[in-house]
Amino acid sequence: MTDVVLPCLNEAPALPWLLGRIPDGYRAIVADNGSTDGTAHVARELGASVVTVPRPGYGAAVHAGVVASAPADGVVCVMDADGSFDPAELPRLADPVRAGRVRLAVARRRPTTRRAWPPHARLGNALLAHRLRRGTGLDVHDIGPMRAVRRDDLLALDLRDRRFGYPLELLIAAARAGWPVAEVDVAYHPRAAGTKSKVSGTVRGTLRAVRDMSAVLAR
């Protein structure tokens with residue numbers, strides 16, 4: 038069994054489709070980060086495990102979900118819960134990790150429509166990825182919110198960021214540890230109706246994420 042951590046903040050409208058697409062052999066853990074729209078209730082009704090995360094922040098939600106996980110095969114996946122990713126693609130990331138071919142597999146978003154990834158968010162991501170490649174040598178083009186890694190490996194990195202800098206800190210730490218890292222193309226869809234992006238939905242949200250990640254790069 039592979040655990041899938043879904044950091045959530047008011048993602049209730051996306052959960053029925055999302056949880057219905059979780060592949061066989063995968064178990065959903067919703068890390069509820071202060072939702073006020075009934076996300077936790079919907080998740081439980083649909084059979085997901087729920088972890089309440091009082092500390093705000095993307096990294097806080099992911100970390101709490103990973104700590105709460107207990108995957109039988111040792112592999113844990115993390116994926117945004119807004120409907121922009123299809124859980125059916127999770128094995129494409131998890132299988133290389135499970136087989137020992139890589140230590141970390143990360144998604145490279147391929148938008149299905151122009152509105153799936155606003156230009157300001159795409160530009161901010163590209164700039165950060167360029168700085169990451171230049172600073173670490175990792176051949177990665179996306180600081181994407183979908184990944185697979187062995188739970189024990191991830192916790193051993195002792196990541197500290199609890200905000201939007203978490204995904205970038207993970208990549209930097211993996212590079213410093215000498216991990217083989219694979220980037221896997223995945224489809225990137227418009228988020229589910231009724232949900233609102235905390236990053237790409239507004240220029241302000243994107244700038245906040247870029248600020249958090251830039252702080253990680255400056256360490």
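FYI, my numbering numbers position 17 of the sequence shown as 54, with every residue one higher than the one before it. Where is the CB? At the ideal position from N, CA and C, for every residue including glycine. Keep in mind that this is a model prediction, so the values were computed, not measured.
Just the C-alpha distance for residue i and residue j, rounded to the nearest angstrom, thanks.
i           : j           : result
residue 178 : residue 221 : 10 Å
residue 106 : residue 84  : 15 Å
residue 171 : residue 209 : 11 Å
residue 41  : residue 152 : 26 Å
residue 111 : residue 188 : 6 Å
residue 162 : residue 201 : 12 Å
residue 82  : residue 108 : 22 Å
Please report the residue range of the beta strand (DSSP E) in which residue i lies.
i           : result
residue 82  : Residue 82 -> not in any beta strand (DSSP E); alpha helix (DSSP H) instead, spanning 76-82.
residue 179 : Where residue 179 is concerned, there is no enclosing beta strand (DSSP E), given that its DSSP letter is neither H nor E.
residue 64  : 63-69
Output yes or no for whether 9 Å exceeds the beta carbon distance between residue i and residue j.
i           : j           : result
residue 214 : residue 186 : no
residue 86  : residue 227 : no
residue 95  : residue 156 : no
residue 160 : residue 63  : no
residue 58  : residue 131 : no
Taking the alpha carbon of residue i as the reference point, which residue from the options has its own alpha carbon closest?
i           : options               : result
residue 104 : 248, 118 and 88       : 88
residue 205 : 50, 82, 227 and 173   : 173
residue 75  : 93, 99 and 46         : 46
residue 223 : 212, 148, 201 and 232 : 148
residue 217 : 80, 199, 137 and 117  : 137
Assuming residue i is part of the alpha helix (DSSP H), what are its boundary residues?
i          : result
residue 53 : 52-57
At 3 residues or longer, what runs of the beta strand (DSSP E) sit wholly inside the region 101-167? 112-116 and 141-148
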